[in-house]
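Undergrad:
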Amino acid sequence: MGIAVDSDHGLTVPVIRDVDRKSIKELAIEVESTVGKVREGKLSREEMQGGTFTITNAGALGGHHFSAIINYPEVAILGLGQGRMQPAVVTDERGRHEIVPRLIMPIVLCFDHRVVDGADAVRFLKVVIKALEDPDELLITMI
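Here my numbering runs 272 ahead of the position in the sequence shown, where the first position is 1.
1) Using a 10 Å radius around the Cβ and a threshold of 16 neighbouring Cβ atoms, would you call E409 buried or exposed?
2) Just to check my reading of the structure: G331 and M273 have Cβ atoms closer than 8 Å, yes? What is that Cβ distance to the nearest angstrom?
3) For D278 and S316, what's the separation of their Cα atoms in angstroms?
4) Taking its Cβ as the centre, do 16 or more other Cβ atoms sit within 10 Å of L352, making it buried, or is it exposed?
5) Cα separation between P373 and V362?
6) In its own chain, which residues sit with a C-beta less than 6 Å from the C-beta of Q358, not counting the 5 before and 5 after it?
7) Starting from F396, trace the alpha helix (DSSP H) in both directions and tell me its first and last residue.
8) So, T306 versus E318, is the Cβ gap smaller than 9 Å?
9) So what does DSSP say about I371, is it helix, strand or coil?
10) Where does R356 sit, in a helix, a strand or coil, going by DSSP?
11) Under the three-state reduction of DSSP, which class applies to G331: helix, strand or coil?
12) Going by alpha carbons, who is nearest to N343 out of D292, C382, L397?
13) Could you spell out where the beta strand (DSSP E) holding V387 opens and where it closes?
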C-alpha cells in the first residue's frame, strides 16, 4: 500500500508492505517511521516500488474536495479530504428528520476500470466509510 507523503523533496509515495498481516498499531508505527525516512531523504528505491493502492490525505494540508490521480502502475487511490462540521439531515427514532451538525470528511476512490469492477470498488468504499464512521466497532472486531 502506498502512502502519499508531502516533503521538502516533493510528493513521495513509499510502500508499506503486507498491510493485511499487520495490526493497526504495527501499521501506525511503520507509517510514522516511513514518513520520517521520506522527510529525511533516507528512503531507498526498493521502499518506493511494488505498490498497488495508495492512500492520500489532502485534508492534512487543508484540502477538501479534490480528484486523486492513480500513480502508475497502481490500480487505485483513496483520497481523504479535511473533515469539517456541516449541517446534515438525520432521522430520529420516530422517523422525524432534523438538521444537526456533523463532522463530514469527503472521500474519493479513483480506480482503473480495466482492473477493478466498479461495483466492487463501491462495495469496498462502503466498508471504508463504515469503518471511519464507527472506529470503535472496527477495533472490537480486530481483537
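Note that CB positions come from ideal geometry on N, CA and C, so glycine has one too.
TA: Let me spell this out:
1) To locate residue 409, count along the sequence shown from 1; it is residue 137. With fewer than 16 other Cβ atoms within 10 Å, it is exposed.
2) Counted from its first residue, the sequence shown places residue 331 at position 59. Counted from its first residue, the sequence shown places residue 273 at position 1. Contact doesn't hold; Cβ gap of about 18 Å is too wide.
3) Locating residue 278 in the sequence shown gives position 6, where the first residue counts as 1. Locating residue 316 in the sequence shown gives position 44, where the first residue counts as 1. Looking at the two C-alpha atoms, the distance is approximately 17 Å.
4) Translated into the one-based positions of the sequence shown, residue 352 becomes position 80. L352 comes out buried.
5) Working through the sequence shown from its first residue, we reach residue 373 at position 101. Working through the sequence shown from its first residue, we reach residue 362 at position 90. Each residue's Cα considered, the two are about 10 Å apart.
6) Indexing the sequence shown from 1 puts residue 358 at position 86. The answer, listed in chain order, is I376.
7) Your numbering for residue 396 matches position 124 in the sequence shown. Where F396 is concerned, the enclosing alpha helix (DSSP H) stretches over 390 to 405.
8) To locate residue 306, count along the sequence shown from 1; it is residue 34. To locate residue 318, count along the sequence shown from 1; it is residue 46. Contact: no.
9) In the sequence shown, counting from the first residue as 1, residue 371 sits at position 99. Residue state, collapsed to three classes: strand.
10) In the sequence shown, residue 356 corresponds to position 84, counting from 1. It is a strand residue.
11) Your numbering for residue 331 matches position 59 in the sequence shown. Reduced to three states, the DSSP call for G331 is helix.
12) Taking the sequence shown and counting its residues from 1, one reaches residue 343 at position 71. Answer by Cα proximity: C382.
13) Position 115 of the sequence shown, counted from the first residue, corresponds to residue 387. V387 -> no beta strand (DSSP E), and no H or E assigned at all.
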